[in-house]
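Right, one structure below, let's go through it.
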Amino acid sequence: MANRVAVIGIGQTHHRSKREDVSIAGLVREAAQRALDDAGCTWADIDAVVVGKAPDMFEGIMMPEHYLAAALGAVGKPMFRVHTAGSVGGSTALVAAHLVAAGLHQRVLTVAFEKQSDSDAMWALSVPQPFSAPLLAGAGGYFAPIIRAYMRRSGAPNDVGMRVAVKDRLQALKNPYAHLHLPDISMKMVEESVLLWDPLHYLESCPSSDGAAAMVLGSEQAATVAESATGRRPAWVHGMAMRSEPTMFAGRDQVNPQAGRDCAKDVYAQAGITNPRAELDCAEVYVPFSWYEPMWLENLGFAAQGEGWKLTESGATALDGGDIPWNCSGGVLSSNPIGASGMLRFLEAALQVRGMAGEHQVEGARKALGHAYGGGAQFFAMWIVGSERPN
Amino acid sequence: MSDQTYVTSDPRGSITQLATPSRLEYFFTAGTSLSKNLRGYQRGQFIGQRCPVCSKVYVPSRGSCPVDGVALTEEVELKNTGTVTTFCVVNVPFAGQSIKIPYIAGQILLDGANLSFMGLIQECELEEVRMGMRVEAVWVDKEDLVPSLASVKYFRPTGEPDAAYETYQEYL
Ligand SMILES: [Zn+2]
């Protein structure tokens, strides 16, 4: 039987299009220091460090975890690097949690980052290969045809994506760390923005951000120490799961990938959840392009197949008045330091159940889902955190 | 830590970032199965492989069926025609882009294949492209054929009636 795992410290940077005042080392250090302060501990209290980011080609620094060891206080300690493309922030948190669950360490620092202003993600994602045509044009070019397939399959009205784009940006106004603060956001503004990858508008796509996220994950004992030192209660991990599937195989359902469904099933079973919409209080789900909200509502079992868009349309996923708010923080649509984006989902879920989400807090939140996906929607990572210690 | 501040007389201020263009040259080792596919392009043919277990045809084939976990050995030559299962219109510039925007990137399911791949669609107005549209490959001139998908200049509409949704919905 695994040991219980608690989230005892949380830190993130203010996400911006350019953080010219810091290097990558300074960026990760900032988030990590905030997580340590929140946990009421020092660098010396950390037993191991787990780092994640998107592919090295983005910033062009091979294995940056080596150069970051000093900035992250990891010299002479076990250090791990995790690679699962865009889902990496989630997978990284899970690898760190596994080290605590296995009883190997008392406190593990986990950090994820991206400094997109130092990188060219579009170029890195559009490398010529002899068996494919050079058409991809970044992640949007990959996902837009899949979104079109969803629209056709579900018969959803064309404006559902725009609703998500507006909702998440309005929610971001309540999150001081969010990159995009667009107080004037409206359906009209989204509709009038450039169609970058038809059917996707510019404002239906995530921004390009510099930012980092960090958490201190601790054992039950470490959680007790942290709570008595800081007076802040931990979030408890009730379930964690990862799944992946090949990017290309005959009969692959790219709109509703099996790996995502399997991952959700596993994490719900661990947390004793049979009806996620009813039993969870909120969810932070990786939605880098607006239409992924209705698509993941179906993939994650919040709605029946073909019905996800109806939840979005009804306002069920809004912080203001919805019964199952999604991405109260503004989500990936409002901040996208790629490697950190998955970890932000995980830590925002934890903030909610700790009652520490500030203006975007869901009142009385007790159970929340954190979710990340990556690559060609072939990597999935999820956790469920709760305010109560699990059985 | 020193509290010394660095003063610059340059009105543009101090340098915080340097652009250092880099390039990466690499050898691509295709392997047995993909080599057959790539040599096919050099002859102006689409070459795929059929799975002995599920009978699905992979183009391009990476030498195994991820579903059944078996090696693929049977070679299949596919037709020059196919169906656009889905698409997007790309209207975003990026470094190294070789095609003028806006352009149509379609998922092409060749007739007889069970895997679609992304192909450029031309000789087609942006407003005309649709799911289910029938297309054919237009190849480069014979002397320009190379062992890569670059041998296919683009796909263009054949003018046939659209394929029924049911015929391609499992490839979305
Ligand atoms: Zn097979």
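Quick note, the sequences are listed as chains D and X, same order. When the letters of the first sequence are read in order and numbered with my numbering, they come out as residues 4 to 394. When the letters of the second sequence are read in order and numbered with my numbering, they come out as residues 41 to 212. Each residue gets a CB set at the ideal place from its N, CA and C atoms; glycine is no exception.
Item                                                                                                                        : Value
Closer than 8 Å to chain D by CB, Ala135(X)                                                                                 : yes
Per DSSP, cross-strand counterpart(s) of Pro197(X)                                                                          : Val175(X)
Ala104(D) beta carbon less than 8 Å from that of Asn6(D)                                                                    : yes
Three-pair Cβ contact test at 8 Å for the segment 134-152 of chain D versus the segment 191-203 of chain D                  : yes
Assigned secondary structure, Trp294(D) (DSSP; H/G/I helix, E/B strand, else coil)                                          : coil
Alpha-carbon to alpha-carbon, Glu296(D) and Ala307(D)                                                                       : 14 Å
Near-chain D residues of the segment 152-163 of chain X - C-beta to any C-beta below 8 Å                                    : Asn154, Leu155, Phe157, Met158, Gly159 and Leu160
Check: Val270(D) C-beta below 7 Å from any heavy atom of ligand 1                                                           : no
Cutoff 8 Å: Leu199(D) Cβ touching any chain X Cβ                                                                            : yes
Proximal chain D residues relative to Ser188(X), where beta-carbon distance stays under 8 Å                                 : Pro133 and Phe134
Shell residues, 6 Å Cβ cut-off relative to heavy atoms of ligand 1                                                          : Cys91(X), Val93(X), Cys94(X), Lys96(X), Cys105(X), Val107(X) and Asp108(X)
Inter-stretch contact (C-beta, 8 Å, three-pair minimum) for the segment 21-35 of chain D and the segment 357-366 of chain D : no
DSSP bridge partner residues for Lys56(D) (one or two, in chain order)                                                      : Phe116(D)
Cα-Cα separation, Gly373(D) to Tyr98(X)                                                                                     : 35 Å
Given Val175(X) as reference, the closest of Ser101(X), Phe127(X) and Thr56(X) once Cα atoms are compared                   : Phe127(X)
Close beta carbons around Thr60(X), own chain, < 6 Å, minus the five adjacent residues each side                            : none
Pro160(D) at chain X interface by Cβ criterion, 8 Å                                                                         : no
Rounded separation between Leu107(D) and Val53(D) - CA only                                                                 : 13 Å
Rounded Cβ spacing between Gln147(X) and Ser156(X) (contact assumed at less than 8 Å)                                       : 4 Å
Neighbour-count burial assignment, Tyr271(D), 16 or more Cβ in a 10 Å radius                                                : buried
Enclosing alpha helix (DSSP H) for Cys266(D) [first to last residue]                                                        : Gln261 to Ala274
Option nearest Ala42(D) by Cα separation, candidates Thr16(D), Pro58(D), His182(D) and Ala9(D)                              : Ala9(D)
Contact the segment 343-350 of chain D vs the segment 92-99 of chain D: 3+ CB pairs below 8 Å                               : yes
Limits of the unbroken beta strand (DSSP E) element including Ile13(D)                                                      : Ala9 to Gln15
Separation of Lys119(X) from Leu166(X), as counted between CA atoms                                                         : 25 Å
Buried versus exposed call for Tyr205(X) [16 or more other C-beta atoms within 10 Å across all chains shown]                : exposed
N-terminal and C-terminal residue of the alpha helix (DSSP H) that Ser94(D) is part of                                      : Val91 to Ala104
Under the three-state DSSP convention, the category Lys191(D) falls into                                                    : helix
Cβ-based burial, Pro92(X) [other Cβ within 10 Å; buried from 16]                                                            : exposed
Status (buried if at least 16 other CB within 10 Å, exposed otherwise) for Arg27(X)                                         : Coverage of chain X is limited to positions 41 through 212, which leaves residue 27(X) absent and any answer about it impossible.
The segment 300-319 of chain D in contact with the segment 179-197 of chain D per 3-pair CB rule at 8 Å                     : no
Residue(s) in a DSSP beta bridge with Leu107(D)                                                                             : None, per the DSSP bridge assignment.
Inter-residue spacing [alpha-carbon to alpha-carbon] between Gly242(D) and Glu282(D)                                        : 14 Å
Residue burial classification, Ile11(D) (beta-carbon count within 10 angstroms, cutoff 16)                                  : buried
Cutoff 6 Å; reference Glu223(D); Cβ partners in own chain excluding five residues on either side                            : Arg7
Contact under 8 Å by Cβ, Ala289(D) with Ser344(D)                                                                           : Rather than Ala, the amino acid found at residue 289(D) in this sequence is Tyr. In this structure, Ser344(D) lies closer than 8 Å to Tyr289(D) by Cβ.
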